[in-house]
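S.K.:
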Amino acid sequence: MQNNKRVLVAMSGGIDSSVAAILLKEQGYEVIGITMKTWDYASHSTSTGQKQTGCCDLDAFNDARSIAVQYGFPHYILDIREEFTTDVIQNFISEYVAGRTPNPCVLCNTHIKWKALLKRANALQCDFIATGHYAKIRHEKERYVLSKAKDLSKDQSYVLWGLTQDVLKKTIFPLGNLYKTEVRELAKQKGLIALSQKKESYEICFIPDNDYRKFLLQQNPALEAQLANGVFKNTKGEIIGSHQGYPFFTIGQRKGLGVTFGKPVFVLEILPQENVVVLGSEDELLESEMLITNLNMIKQEIVAPDFLATIKIRYRDFGATARLEHLSSNSLKVLFTQQVKGIAPGQSAVFYDNDDVIGGGIIQKITD
RNA sequence: AGCCUUAUAGUAUAGUGGUAGUACAACAGAUUUUGAUUCUGUCCGCCUAGGUUCGAAUCCUGGUAAGGCUA
183 MQNNKRVLVA MSGGIDSSVA AILLKEQGYE VIGITMKTWD YASHSTSTGQ
233 KQTGCCDLDA FNDARSIAVQ YGFPHYILDI REEFTTDVIQ NFISEYVAGR
283 TPNPCVLCNT HIKWKALLKR ANALQCDFIA TGHYAKIRHE KERYVLSKAK
333 DLSKDQSYVL WGLTQDVLKK TIFPLGNLYK TEVRELAKQK GLIALSQKKE
383 SYEICFIPDN DYRKFLLQQN PALEAQLANG VFKNTKGEII GSHQGYPFFT
433 IGQRKGLGVT FGKPVFVLEI LPQENVVVLG SEDELLESEM LITNLNMIKQ
483 EIVAPDFLAT IKIRYRDFGA TARLEHLSSN SLKVLFTQQV KGIAPGQSAV
533 FYDNDDVIGG GIIQKITD
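Sequential numbering from 183 applies to the first sequence in our numbering.
1) Would you kindly work out how many angstroms separate the C-alpha atoms of Tyr428 and Gly196, rounded to a whole number?
2) Return the chain-ordered list of same chain residues with a C-beta closer than 8 Å to the C-beta of Leu453, the five sequence neighbours on each side being excluded.
3) Considering only C-alpha positions, which residue in the set Ser511, Val522 and Asn512 is nearest to Ala504?
4) Is it right to say Phe500 is buried, meaning 16 or more other beta carbons lie within 10 angstroms of its own, or is it exposed?
5) To the nearest angstrom, report how far apart Gly254 and Asp337 are at their CA atoms.
6) Can you tell me whether Leu334 is buried or exposed, with buried defined as 16 or more other CB within 10 angstroms of its CB?
7) Across which residues does DSSP place Ala312 in a beta bridge pair?
8) Using the beta-carbon count (16 or more within 10 Å), is Gln272 buried or exposed?
9) Could you check the C-alpha separation between Glu264 and His425 for me, to the nearest Å?
10) With the cut-off set at 7 Å, would you say Val191 and Ala312 are in Cβ contact?
11) Nearest CA to the CA of Lys352: which residue from Cys287, Glu364 and Arg325?
12) By alpha-carbon positions, which one of Glu451, Tyr534 and Phe489 ends up nearest to Ala526?
13) Is it buried or exposed, Thr268, if we count other Cβ atoms within 10 angstroms and call 16 or more buried?
14) Under the rule that 16 or more other beta-carbon atoms within 10 Å means buried, what is Phe397, buried or exposed?
15) Thinking C-alpha only, which one of Leu289, Gly423 and Ala376 is nearest Asp198?
16) List the DSSP bridge partners of Leu461.
17) Have a look at Lys362 and Lys318 and give me their C-alpha separation to the nearest angstrom.
18) Which partner residues of Glu507 appear in the DSSP bridge assignment?
19) Let me check one thing: in DSSP terms, what residues is Arg320 bridge-paired to?
20) State the Cα-Cα distance for the pair Glu471 and Val413, rounded to the nearest angstrom.
21) Taking only runs of the beta strand (DSSP E) that begin and end inside the stretch 238-306, which ones reach a length of at least 3 residues, in chain order?
22) If you reduce the DSSP assignment to three classes, tell me which class Pro403 lands in.
23) Closest to Ser194 by CA distance: which of Glu456, Glu382 and Leu368 is it?
24) What residue range does the alpha helix (DSSP H) around Leu368 cover?
25) Here's the rule I'm using: 16 or more other beta-carbon atoms within 10 Å means buried, otherwise exposed. How should Phe443 be labelled?
26) What does DSSP give as the partner residue(s) for Asn478 in the beta ladder?
27) Can you give the Cα-Cα distance for Ile249 and Gly373, rounded to whole angstroms?
28) Take the Cβ of Thr228 as the centre, count every other Cβ of all protein chains shown within 10 Å, and call the residue buried at 16 or more, exposed below.
29) Express the C-alpha separation of Glu420 and Ile204 in angstroms, rounding to a whole number.
30) Could you name the residues of the same chain whose beta carbon sits closer than 7 Å to that of Ser378, not counting the 5 residues immediately before and after it, in chain order?
31) Given a cut-off of 7 Å, decide if Phe448 and Lys469 are closer than it, judged by their beta-carbon atoms.
32) Using beta-carbon positions only, say whether Arg247 and Glu212 come within less than 7 Å of one another.
33) Express the C-alpha separation of Leu342 and Gly541 in angstroms, rounding to a whole number.
34) Around the C-beta of Gly210, are 16 or more other C-beta atoms found within 10 angstroms, so that it is buried, or is it exposed?
35) Are the beta-carbon atoms of Ile544 and Thr475 separated by less than 7 Å?
36) How big is the Cα-Cα spacing for Lys233 and Asp391?
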């Protein structure tokens, strides 16, 4: 089986992308591996050092390369530190400073990874690009439709909502029809024992100790003074405590508030201008309408007003049913049929039609 | 100045004689390619000094502290 198609595979050094590359190779593709260097870990690591970071840590390069050597395909390193820093990290910081809750992985995928991959793929005359994401793509009615992975527990379609038609057209997800357990088993069969036992990656890849609050201060030392004297208020506007600065909170947060009322309290609202964080009960987190911007429609451009879509407002989310009301080509309103808890501006909203991704966008604000 | 009330973990509250529970917080672990949420577990306490009693957080006395009332 030789199909002569050339595919550029993004390899993080982890089990998923490694297996993806091997599968493509075995399917007869001409594989070129590429590992993206997103962040200079050496100069930012803490004393503890050895953290299993997210998608792209230090050992990643070696791990990816050894697979390439073993399977006889070329492997390159692509330095995207500059774009990663200016786009992903600066956005991450400015969003928090604006009192919002960013999702850097979404940004990284759509604005950095695929953009960089596509550019490189063109330069290397590749027909396709591939990654180890758990999601599926199919061609249907003139459109490329992104849908959930077969392994729903590992589905990553949520973080891929920003992929546009022109990149979906060229993208292959070799793991879309595999369960994670099968991928592990494949790695084992191929003798990649260490890889098959590698821990799942998680947390923000550019934050070594998982402490984003500390990271914000390190990146922006002036912040500390600016954020002094922050207060908590209740929904009546009464001051009920003090805090270290609004960027360190996110809507729906319960832990780490340092105040106690005998009942759990949650962050309801963040007011950056006043450095105020509004707290309240779990019930008060319930909302039923939100405005979405930065829209990217995938399955179809327009959704009928009476169509009931399933909306995910965070990565781990079963989804809630809602109608979509288009406002412009770049924005729409989501009207939930039942209230949902903890809508956080800055997070992504992804609209599903069963397993298909209709589209997605960024939550701009709660509108009711 | 006099009188009354109260004094239990970080906070708020149970427990009126047999060696302390609960909620919230904090911490840890699980989950997780974002932030959260969620789940599990852990730490921490009877204001102080005496007395009564076989035995006191629980009764009595003094002290201290807080709150209230009276002048």
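Every residue gets a Cβ at the ideal spot worked out from N, C-alpha and C, and that includes glycine. Note that this is a predicted model, so its numbers are computed, not measured.
M.R.: In brief:
1) 35 Å
2) Gly281, Tyr428, Val459 and Val460
3) Val522
4) exposed
5) 30 Å
6) exposed
7) Val191 and Ile354
8) exposed
9) 34 Å
10) yes
11) Arg325
12) Glu451
13) exposed
14) buried
15) Ala376
16) Val449
17) 14 Å
18) Lys515
19) Val327
20) 27 Å
21) 257-261
22) coil
23) Glu382
24) Lys362 to Gln371
25) exposed
26) Gly542
27) 11 Å
28) With a pLDDT of only 42 at Thr228, under 50, the local geometry of the prediction cannot be trusted, and the value read off the model is given with reservation. Classification for Thr228: exposed.
29) 60 Å
30) Ile197, Arg366, Ala369 and Lys370
31) Lys is not the amino acid found at residue 469; the sequence shown has Glu there. Going by C-beta atoms, Glu469 is not nearer than 7 Å to Phe448.
32) no
33) 10 Å
34) exposed
35) yes
36) Unreliable positioning characterises Lys233 in this predicted model, as indicated by a pLDDT of 41, which lies under 50. The coordinate reading is nonetheless provided below. Roughly 7 Å between the two C-alpha positions.
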